[in-house]
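Working notes for the structure below.
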Amino acid sequence: MTERSRAELAAALCELFGLEAAGADVTPVGRGAMGQVWRLTAGGAAYAVKEHLWGVDERAVARGAAFQQAAATVGVRSPRNVPTPDGALVGHLPADLGGSGVRLYDWQEGPAPRPDEAETPERLGELLARLHGLALTAPDPPEPWYETLDEVDWERLAGPAGARRPWQERLAATLPGLRRLASLVTPSEPDDRIMCHLDVQCSNVVVTERGWVLLDWDDTGAGCPDRELAMALLRWFTAGGVDGAAIGKTMAAYRAAGGTAVLDPDRSFAMQAASCVNFVAAQARLALDDAHAEHHADAEERLTNVLTALPDVATYHEVARFAAAGDAGGAA
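Oh and the sequence shown: position 159 is 159 in the UniProt record's numbering, straight run, nothing missing.
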């Protein structure tokens with residue numbers, strides 16, 4: 001983005017959200033599968049801007065904001081949602097700037113927590129227990145992304161042997177593992193579902209002077225506490241091999257803070273498996289879609305990253321074993 005277009009974006013954001021435009025500036029912070037994050041400075045304050053590149057569900061936004069407010073009552077910190085002057089939580093950029101839906105939040109200064117830091121397991125366990133302790137009824141059924149799989153022609157996505165891109169070679173090599181993960185995907189029981197954050201990972205937490213601040217409530221919706229707990233343990237403590245000690249400490253803190261979910265090695269990882277398989281399929285389709293050539297490089301990078309660290313059933317069972325040992329207060 002040129003300096004001129006950045007200035008135009010900053011001006012458009014200030015107009016949308018009723019901020020002082022003089023001297024405003026916007027800089028890119030990060031890019032995810034669903035959107036671009038910017039840092040906006042305006043009127044002596046700093047804000048985080050999320051630009052939704054694939055559309056935004058305003059019903060889901062309202063649902064997430066309500067869950068944020070409820071979570072604040074039990075000590076879960078999150079950024080303030082900054083509304084437009086008419087009270088909307090979503091604004092829309094002009095067509096010449098892409099027309100995307102955008103959201104604005106107070107900027108949170110600080111690093112993401114590291115899984116290997118001594119205090120991380122306790123903080124994570126407390127956070128999940130507080131969210132689950134709310135036990136709020138989910139107003140809608142779960143998003144299919146977390147519970148079901150599309151029909152996927154994996155051989156077509158992997159491409160013909162001898163004519164594959166690097167990510168396709170990796171995809172072809174991991175197809176047996178993806179199919180094993182797919183076999184674990186089962187729908188959750190309606191009576192087990194509550195409102196969940198559904199994206200509690202290191203990159204969505206900021207360590208501030210006030211403590212942990214949980215970001216990105218866009219995926220908030222129906223989920224099962226055990227499935228969210230399983231996904232969090234896998235995301236936080238398996239990057240360099242399964243960290244059984246950290247998992248045990250997280251479970252101890254989760255229980256001490258009132259968390260009640262129990263991991264079933266055969267069912268609790270179904271949401272993580274569904275998310276993983278659906279993500280690979282979606283990014284592979286995007287990487288091959290000529291109508292979205294501008295997104296190919298990002299999709300290929302994300303595919304390479306996820307396929308390199310693809311979980312397996314043995315890892316799921318090991319995480320569940322350490323979680324059970326933490327519950328028992330013993331060592332695995």
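Ideal placement from N, C-alpha and C gives every residue a C-beta, glycine not left out. Note that the structure is predicted; figures quoted are calculated from it, not measured.
Helix, strand or coil: how does DSSP classify residue i here?
i       : result
Thr-174 : helix
Pro-142 : coil
Ala-222 : strand
Arg-180 : helix
Pro-28  : strand
Gly-64  : helix
Gly-18  : coil
Ala-332 : Bear in mind that a pLDDT of 39 at Ala-332, under 50, signals an unreliable position, so the model cannot answer this.
Gly-241 : strand
Val-319 : helix
Val-37  : strand
Gly-259 : coil
Pro-265 : coil
Asp-191 : helix
Pro-111 : coil
Leu-233 : helix
Arg-227 : helix
Pro-311 : coil
Thr-120 : helix
Arg-130 : helix
Report the option in the options whose CA atom is closest to the CA atom of residue i.
i       : options                               : result
Ala-273 : Ala-7, Glu-228, Leu-104 and Asp-219   : Glu-228
Asp-150 : Gly-159, Ser-5, Val-277 and Asp-312   : Val-277
Glu-147 : Pro-176, Gly-223, Asp-290 and Gly-110 : Gly-223
Ser-5   : Leu-93, Pro-160 and Tyr-105           : Leu-93
Ala-253 : Pro-121, Gly-241 and Trp-212          : Pro-121
Ala-173 : Ala-42, Leu-303, Ala-230 and Gly-101  : Leu-303
Glu-119 : Asp-312, Thr-250 and Ala-323          : Thr-250
Ala-270 : Asp-289, His-295, Ser-183 and Asp-191 : Ser-183
Ala-297 : Ala-284, Leu-198 and Gly-326          : Ala-284
Gly-125 : Glu-143, Gln-201 and Pro-144          : Gln-201
Glu-51  : Ala-45, Ala-65, Thr-41 and Gly-30     : Gly-30
Arg-114 : Ala-65, Gly-221, Arg-235 and Ala-42   : Arg-235
Asp-25  : Ala-163, Tyr-47, Val-56 and Asp-266   : Tyr-47
Trp-38  : Leu-9, Val-61, Ala-62 and Asp-140     : Leu-9
Met-195 : Leu-16, Glu-301, Thr-137 and Ala-323  : Thr-137
Glu-209 : Phe-237, Glu-109 and Gly-221          : Glu-109
Leu-310 : Glu-15, Thr-238 and Pro-141           : Thr-238
Leu-286 : Ala-7, Gly-18 and Met-34              : Met-34
Taking the continuous alpha helix (DSSP H) assigned at residue i, which residues delimit it?
i       : result
Thr-308 : 296-308
Cys-276 : 270-288
Thr-186 : Careful: Thr-186 lies outside any alpha helix (DSSP H) and carries neither H nor E.
Thr-250 : 244-256
Leu-157 : 154-158
Run through the DSSP bridge pairs and tell me what residue i is partnered with.
i       : result
Ala-42  : Ala-45
Arg-77  : Val-213
Arg-103 : Lys-50
Val-82  : Leu-104
Cys-202 : DSSP output for Cys-202 lists no bridge partner at all.
His-92  : Gly-101
Could you give the distance in angstroms between the alpha-carbon of residue i and the alpha-carbon of residue j?
i       : j       : result
Pro-83  : Val-90  : 7 Å
Leu-134 : Val-74  : 8 Å
Glu-117 : Ala-70  : 28 Å
Val-206 : Arg-77  : 10 Å
Gly-177 : Gln-36  : 31 Å
Gly-43  : Ala-12  : 14 Å
Asp-216 : His-132 : 17 Å
Arg-321 : Leu-127 : 22 Å
Asp-290 : Ser-100 : 21 Å
Ser-275 : Gly-259 : 23 Å
Ala-325 : Ala-246 : 11 Å
Pro-85  : Asp-191 : 40 Å
Thr-186 : Gly-241 : 26 Å
Pro-166 : Ala-293 : 17 Å
Quick check on the DSSP output: the beta strand (DSSP E) that includes residue i runs from which residue to which?
i       : result
Thr-137 : Neither: Thr-137 is in no beta strand (DSSP E) and is coded neither H nor E.
Val-205 : 205-208
Met-195 : 194-196
Beta carbon of residue i: closer than 7 Å to some heavy atom of the ligand HEM?
i       : result
Ala-253 : Annotation note on the ligand HEM: not contained in the displayed structure, which lists no ligands.
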